[in-house]
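>
Chains as they are written, first to last, in my numbering: chain A, 1 to 731; chain B, 1 to 731.
#1: At which residues does the alpha helix (DSSP H) containing residue 179 of chain B begin and terminate?
#2: Leaving out five residues on either side along the sequence, give the residues of the same chain with a beta carbon under 6 Å from the beta carbon of residue 447 of chain A.
#3: Can you name the residues that DSSP bridges to residue 295 of chain A?
#4: In the DSSP output, what is residue 320 of chain A paired with across the bridge?
#5: Flag residue 418 of chain A as yes if its beta-carbon sits less than 8 Å from any beta-carbon of chain B, otherwise no.
#6: Within 8 Å of any Cβ in chain A, is that where the Cβ of residue 315 of chain B sits?
#7: Can you tell me where the alpha helix (DSSP H) holding residue 614 of chain B begins and where it ends?
#8: From which residue to which residue does the beta strand (DSSP E) around residue 258 of chain A run?
#9: Which chain B residues sit within Cβ distance under 7 Å of residue 648 of chain A?
#10: Using a C-beta cutoff of 8 Å, does residue 158 of chain A count as contacting chain B?
#11: Based on the DSSP output, what are the partners of residue 425 of chain B in its beta bridges?
#12: What does residue 245 of chain A pair with, by DSSP beta-bridge criteria?
#13: Measuring only the C-alpha atoms, how far is residue 60 of chain B from residue 577 of chain B?
#14: Specify the secondary structure class of residue 479 of chain A as computed by DSSP and reduced to three states.
#15: Under the assumption that residue 535 of chain B contacts residue 434 of chain B (Cβ atoms under 8 Å), give the Cβ distance between them as a whole number of angstroms.
#16: For residue 93 of chain A, which of helix, strand or coil comes out of DSSP?
#17: Any heavy atom of the ligand COA closer than 7 Å to the Cβ of residue 536 of chain B?
#18: Report the residue from B:206, B:563 and B:668 whose alpha carbon sits nearest the alpha carbon of residue 289 of chain B.
#19: Per DSSP, residue 209 of chain A forms a beta bridge with which residues?
#20: May I ask which residues mark the beginning and end of the alpha helix (DSSP H) holding residue 183 of chain B?
#21: Where do the N-terminal and C-terminal ends of the alpha helix (DSSP H) with residue 655 of chain B fall, by residue?
#22: Alpha carbons only, please: which of B:425, B:414 and B:583 is nearest the one belonging to residue 438 of chain B?
#23: Just checking my contact of residue 257 of chain A with residue 242 of chain A at CB under 8 Å: how many whole Å lie between their CB atoms?
#24: Identify whether residue 131 of chain A lies in helix, strand or coil by the three-state DSSP scheme.
#25: Taking all protein chains shown into account, decide if residue 314 of chain B is buried (16 or more other Cβ within 10 angstroms of its Cβ) or exposed.
#26: Please check if any C-beta of chain B sits within less than 8 Å of the C-beta of residue 658 of chain A.
#27: What is the rounded straight-line gap between the Cα of residue 333 of chain A and the Cα of residue 291 of chain A?
#28: Using C-beta distances below 7 Å, list every residue in its chain close to residue 493 of chain A, excluding the 5 sequence neighbours before and after it, in chain order.
#29: Hey, how far is the Cα of residue 211 of chain B from the Cα of residue 281 of chain B?
#30: For the putative contact between residue 600 of chain A and residue 146 of chain A, defined by C-beta atoms under 8 Å, what is the C-beta separation to the nearest angstrom?
#31: Report, in whole angstroms, the separation of the C-beta atoms of residue 134 of chain B and residue 74 of chain B, which I expect to be a contact under 8 Å.
#32: With a threshold of 8 Å between beta carbons, is residue 308 of chain A in contact with chain B?
#33: Using the Cβ count rule (16 or more neighbours within 10 Å means buried), how would you classify residue 86 of chain A?
#34: Which of the three DSSP states is assigned to residue 583 of chain B in this structure?
#35: Apart from the five residues just before and just after residue 584 of chain B, which ones in its own chain have a Cβ nearer than 8 Å to its Cβ?
#36: Could you check whether the Cβ of residue 653 of chain A sits closer than 8 Å to any Cβ belonging to chain B?
In structure tokens form, the structure reads like this:
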């Protein structure tokens with residue numbers, strides 16, 4: 001039974017079948033076969049066996065590149081760790097700052113770990129030059145690995161794009177903010193504009209309807225239909241008694257009524273409503289939003305249109321590459337373009353607010369969640385808690401766990417924010433959410449943990465410090481916080497990965513749903529929704545580990561093995577998961593890589609400034625100039641990567657488009673692109689229907705109404721006298 | 001005679017003729033006719049008479065828009081001054097901070113002007129809210145005027161572009177960094193690439209030769225030829241004696257020889273050298289730089305190519321809109337693309353160095369150039385200097401004059417820097433120089449004058465202050481420096497404009513040249529070179545006055561009339577100059593306006609932060625929050641302007657291109673574009689010759705060598721079997 005949770009991707013692909021669920025009841029939930037437990041780690045070699053090209057074909061490029069982030073972590077940190085442990089560790093350990101200080105201040109105690117860190121090197125020591133040169137070595141090694149990886153990913157992406165099958169989005173451009181025209185409908189306006197300005201390339205277009213209300217009705221109806229089937233099945237099995245339900249919420253209270261009759265009636269009601277709404281949407285010109293999907297005769301034409309400016313006013317006729325049909329976030333297409341700037345502004349303010357004030361409740365709860373408070377609230381636990389080992393575990397883990405719980409709620413908040421921002425592709429929404437989450441993690445988890453107190457207090461303190469002193473303040477606490485972050489890695493990183501491979505949460509949810517909610521076969525299919533890589537949460541979290549690794553590489557080298565274990569374990573687990581579990585919603589061909597690269601570079605710069613702070617604490621003033629070179633170099637590296645690679649992730653070069661067009665013309669000379677693209681970008685709510693039903697709504701042929709009154713229309717009159725509008729007849 | 005200096009533009013247009021220079025010798029240089037002096041101000045109404053459309057046609061859009069900057073200054077500052085003088089001035093003057101302070105500290109003296117400034121309002125006074133609200137009013141008024149002006153300029157630009165005649169640059173794209181191909185020359189490579197990837201639009205291309213050495217030879221030859229003519233004329237007039245010259249530098253020393261023979265011989269030598277070099281350039285494939293001007297069949301095709309990415313590697317086949325032929329800076333086309341990033345980096349470092357270290361010599365000279373030093377050096381001037389009125393003039397003017405002299409050298413330095421950066425259009429070079437000069441003026445003239453000491457010292461001081469204290473430090477000295485800046489406006493602004501209308505420098509140079517250098521009629525034409533608006537120096541200077549006006553509007557309102565006089569006077573003078581004198585080198589259709597707008601916005605933000613500093617000095621702490629809103633609003637205004645307008649200044653929208661193409665097709669159906677564009681982008685060194693001479697160099701027809709070995713070449717084979725390369729035969 002659990003098979004569906006652990007290998008859901010194969011079910012979706014139709015390769016695995018339902019196992020026959022015979023045997024005692026308990027076997028359904030707990031596997032009693034001991035041999036299974038012995039074979040528990042069998043998945044490890046299996047996960048590594050699949051070669052990368054097959055992996056890309058099986059799970060998509062996005063997933064394959066995603067696990068390469070972990071691999072990149074290993075590539076960066078294994079050599080760094082080897083060097084740091086062999087060079088820096090002895091340098092730190094053989095020095096005697098703590099001995100000196102201990103003799104001076106007898107009550108001073110140090111953790112065992114501090115002997116291995118830079119704190120054990122006294123101020124103004126010549127040994128600090130070893131740390132500085134290591135910072136250079138680590139930086140250049142990171143540059144090299146990042147550059148190599150960027151290049152590899154770029155080639156993978158280009159190869160993927162060059163070999164992928166025909167997709168509607170290759171030919172299609174999303175045009176937004178179509179200006180209103182008093183004499184023409186939006187559809188006519190789009191048609192005429194592109195016929196005039198892209199005369200050789202324009203093929204057809206699909207207008208976008210504001211069908212958000214209709215989609216809601218259709219979903220309600222589906223839900224009711226599902227219930228009707230459930231009760232009908234029930235009645236068929238036990239013919240003696242017609243099933244009943246209650247009118248109240250979820251059928252839990254209210255008047256008792258005949259279920260089949262009730263739902264049939266309700267569905268009829270909704271069906272009528274749906275027909276009305278559907279007619280309104282298709283008939284009412286106001287239901288058409290000023291946006292359209294415009295398809296071209298070739299990829300070249302679409303690439304040209306997506307990359308150029310159409311009119312004088314840069315916010316009219318805004319063209320962007322269309323997202324994949326399954327990637328479109330339809331709800332946001334109806335947002336008026338004029339609102340978008342305002343929305344983005346508001347959300348930017350909200351993100352800053354969230355980032356800087358979120359720490360206040362966390363700090364409050366963290367002060368409550370210490371051992372003394374727990375003893376007060378639950379005094380009977382006192383003897384247990386005060387046992388030495390348990391006490392230290394609680395002291396170490398508790399603040400981390402509190403933070404972790406708070407952060408669990410965050411992805412939903414940032415995703416909601418991104419949706420309000422009004423982006424129209426799910427991939428963009430996820431990328432924006434990831435950016436917000438990343439900012440939050442750096443400010444609150446990283447800096448928030450290093451400097452105690454709320455982010456707001458920090459800000460106040462910072463403004464009243466001399467700017468030259470700020471790195472010093474941070475510099476003091478970095479080495480001291482190494483133990484905390486080690487605990488954090490174990491709680492958040494290691495345990496998180498273990499939970500991931502066991503799929504604890506989805507497993508629980510699946511069984512709960514199976515027990516209480518699943519009523520039909522369709523429900524069961526939905527219950528085992530495998531989910532997808534939670535990009536907006538997982539990627540920024542990986543970045544946090546990159547940041548920690550880069551910061552502590554020079555400060556506390558003993559930290560690095562923890563990071564390496566995390567990356568190695570994660571790589572194994574996620575390779576298994578993308579093969580067996582996840583089902584991606586969309587395929588962006590690794591277009592997120594520039595973000596990944598940029599964030600690692602940001603981490604690198606942060607680590608360099610922090611080292612600068614630590615060294616200025618150590619009175620190694622002469623070293624400042626040496627170390628200031630590093631952030632400048634890193635910034636230049638970032639600019640170099642951006643110039644060299646990024647545009648290939650954002651735009652589709654004309655040459656590649658032309659190659660694919662030409663090949664297609666040779667291999668499929670009789671392809672009817674018009675038919676292929678006609679229904680590609682229909683709102684999913686219209687797609688569910690048999691399309692033929694709606695051919696009644698076909699518009700008559702529309703000739704252009706405006707006869708060469710202004711220059712831009714001259715082409716229309718000469719070129720195509722009657723305009724074929726079959727494209728808009730469907731939607 | 002001076003007529004040529006004051007009305008040189010008309011001579012260039014061929015409307016004015018040489019006046020007959022009869023009469024006494026002295027009349028040549030000094031006008032003895034007294035009536036002329038009475039009519040001295042006659043040019044004022046004449047300058048205002050010409051309506052703007054005629055002005056645009058006469059002097060170009062760049063010039064017409066340039067004088068609108070002064071007009072914008074008036075539009076912004078006249079209402080602000082009216083309000084400031086009626087509201088703020090009484091508020092400041094009727095307060096009594098100085099009275100209070102004078103009674104406390106008897107030895108404190110204040111300038112008369114300080115009674116009118118914000119310094120006369122005591123700390124924590126309620127009156128400061130008047131200043132805050134005025135800051136809001138001034139900011140919003142500036143927004144309104146900037147927005148209105150931006151819109152007007154945009155419409156002027158679009159109208160200008162829509163109505164301008166056919167230009168080669170409308171059809172042409174400059175492609176740089178053509179990747180090397182082992183089997184094809186650069187010319188063939190370009191030809192095939194664009195035939196394949198822009199099959200319907202490609203027309204022809206012109207390769208770029210590295211003819212820098214050839215250009216040098218041709219110039220040398222021209223110079224010698226000019227001398228030859230001079231001596232030949234001389235010989236013809238006085239037939240008895242053959243003129244002689246000396247072989248040394250400028251004919252000043254060396255062996256005495258027969259001039260005509262010597263120069264004939266030298267010219268022959270150079271001619272041979274030139275022919276060899278010319279053959280080398282045309283014949284040697286290494287003389288072709290990996291760049292080309294590619295022309296298209298329509299403006300639409302060129303717009304598409306300029307705005308799209310051609311290949312996977314974003315730094316190969318880099319396409320940008322071609323500058324006008326007269327705007328091309330040929331020397332830089334030969335710079336390998338790979339060098340450019342390095343060059344830009346170096347120059348960025350150099351600009352920072354220049355900006356922050358230039359103050360050191362200035363400060364040094366300024367300490368020398370005080371009255372005591374002058375008395376020491378030239379003791380006989382002592383009685384004169386010590387006279388009251390003269391002493392105060394010297395004290396006021398001297399530091400300004402020292403600064404001014406230093407700054408006179410700067411434009412050459414920044415222009416040289418921009419040339420090293422490797423931009424290929426003169427317009428871009430000037431824009432970049434202006435940006436550098438603007439940074440310099442703000443850091444050194446504005447902040448350098450406000451805070452005494454070198455910029456480097458300031459930086460050191462700033463880093464050791466609490467960030468919250470920095471505005472305070474600046475806040476103290478702003479009101480105190482009002483007198484200095486008033487003097488500066490009079491010395492730099494008013495006197496500068498007066499010198500401009502009198503054209504003192506060009507007048508002196510013209511006469512010096514006439515006396516010593518002019519040998520032939522051609523020399524005289526060159527001597528009266530009218531010059532053009534020195535954009536890189538004048539625009540940043542205007543910006544300095546915007547900055548001063550915006551800063552002192554709330555602080556010392558009595559400052560504003562000085563600014564207004566400057567703008568009004570400048571407007572008149574420059575309107576006269578662009579009508580009668582200047583001859584622009586290129587026409588960029590006001591593409592510099594985004595820079596102008598951005599810089600005024602920067603000035604606005606600086607002024608807001610400085611007011612914040614002044615008020616925090618006055619213990620009006622509650623006002624900080626009020627005032628912090630302003631820079632944020634200003635930044636948002638900047639973003640809004642950028643999104644709304646800027647792209648129309650950078651790109652050519654497809655719709656506009658299509659309209660112009662369509663109109664042209666209707667009005668001139670038989671236009672042979674190929675002939676029109678064939679020679680448009682030849683290096684000027686080749687243009688001087690009769691083109692027919694070089695038809696011998698015509699290449700044979702070149703068929704594509706690579707037969708569909710890779711996908712990108714398929715189009716070539718099907719499309720055009722024989723390639724017409726007449727285009728490259730010329731150059």
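Even glycine gets a Cβ: it sits at the ideal position worked out from N, Cα and C.
Looking at the coordinates:
#1: Careful: residue 179 of chain B lies outside any alpha helix (DSSP H) and carries neither H nor E.
#2: none
#3: A:172 and A:204
#4: A:174
#5: no
#6: yes
#7: 593-617
#8: 256-258
#9: 312 and 314
#10: yes
#11: B:328
#12: A:257
#13: Residue 577 of chain B has its alpha-carbon roughly 13 Å from the corresponding atom of residue 60 of chain B.
#14: helix
#15: Between residue 434 of chain B and residue 535 of chain B the Cβ distance is about 6 Å, and since that is below 8 Å, they are a contact.
#16: Three-state DSSP puts residue 93 of chain A in a helix.
#17: Judged by which ligands are present, the structure shown has none, so any question about the ligand COA falls away.
#18: B:206
#19: A:288
#20: First-last for residue 183 of chain B: undefined, no H or E at that position.
#21: From DSSP, the alpha helix (DSSP H) with residue 655 of chain B extends over 654-667.
#22: B:414
#23: Wrong, their Cβ atoms sit about 10 Å apart, outside the cutoff.
#24: helix
#25: buried
#26: Yes, residue 658 of chain A counts as interfacial toward chain B.
#27: 7 Å
#28: Only 545 and 566 meet the Cβ criterion.
#29: 7 Å
#30: 6 Å
#31: Actually they do not touch by this definition, with Cβ atoms about 19 Å apart.
#32: Interface with chain B (8 Å Cβ-Cβ cutoff): residue 308 of chain A is included.
#33: exposed
#34: coil
#35: 59, 60, 62, 63, 532 and 533.
#36: At a cut-off of 8 Å between C-beta atoms, residue 653 of chain A counts as an interface residue with respect to chain B.
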